Amino acid sequence: MKRVRWSQRDGAGLEYVALDARPDAVVIESTIVGESEADAFGAMYRIECDARWQVTRLAVKLAGGAAIDLTRKDGDNGAAHAWTDASGAPQEGLRGCIDVDISATPFTNTLPIRRLQLQPGERRVIRVVYVHVPAMNVRAVEQAYTCLDADGRYRFEGLDTGFSAEITVDQDGLVVDYPGLFKRIA
5 MKRVRWSQRD GAGLEYVALD ARPDAVVIES TIVGESEADA FGAMYRIECD
55 ARWQVTRLAV KLAGGAAIDL TRKDGDNGAA HAWTDASGAP QEGLRGCIDV
105 DISATPFTNT LPIRRLQLQP GERRVIRVVY VHVPAMNVRA VEQAYTCLDA
155 DGRYRFEGLD TGFSAEITVD QDGLVVDYPG LFKRIA
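As numbered in the working numbering, residues 5 to 190 make up the sequence shown, in order.
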């Protein structure tokens, strides 16, 4: 079990993550106390992945508020990367997404970094389930990751927004430095 903490660069928030990587699955649980657009919030999330770091379930709960519970399955009838909500209703707008991105945490960068295993100079465009916390809006977006070097530097690009950042990760793909947004606490 690996445990990691991050703080928001502006000092307004803190996150604690417990990462349990087993041979057959990866489970991440986290608690966040943060601030976004001057609104303080508390949230918990749980992400379940298969052994290849492909997300199979995402659950996000806002303290005192909304909850999101999504499951991804690869069907036998060509329903690749099909998502459903907690009641089993299909979420067609999320089809094709493997990874998730929760706005309030740097952890979700780890998912595509571990899954894609990019080589230095390699860039990949992916489609992800994006969850904006605390608004709890869910939509599919396109992002890109580029491995800048073998020392754990990556360029993250939000292709829908034009946002770009160079992030540094450790040997486990966990963010150490996300300029302007998050920093790891030793």
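Glycine residues also receive a C-beta, built at the ideal position from the N, C-alpha and C atoms. Here the structure is a predicted model, which is why all the values come from computation and not from measurement.
Excluding sequence positions up to five before and after residue 50, its CB lies within less than 6 Å of the CB of 33 and 63, all in the same chain and listed in chain order. Taking all protein chains in view, the Cβ of residue 105 is crowded by 16 or more other Cβ atoms within 10 Å, so the residue is classified as buried. Closest in alpha carbon position to residue 172, among 163, 162 and 149, is 149.
Restricting attention to beta strand (DSSP E) runs no shorter than 3 residues, the region 51-105 encloses them at 59-66, 71-77 and 86-89, ordered along the chain.
Across the structure, residue 55 and residue 28 are spaced so that their CA atoms are roughly 5 Å apart. Your pair residue 130 and residue 103 checks out as a contact, with CB atoms roughly 6 Å apart and the cut at 8 Å. For residue 119, the enclosing alpha helix (DSSP H) starts and ends at 114-120.
In the assembly as shown, residue 36 is a buried residue. Its beta-carbon has 16 or more other beta-carbons within 10 Å.
A residue is called buried when at least 16 other Cβ atoms come within 10 angstroms of its Cβ; residue 113 meets this threshold and is buried. In terms of Cα proximity to residue 180, the closest of 111, 162 and 31 is 111.
Annotated as proximal: residue 137 and residue 107, with beta-carbon spacing under 8 Å.
For residue 178, there is no enclosing beta strand (DSSP E), as DSSP gives it neither H nor E.
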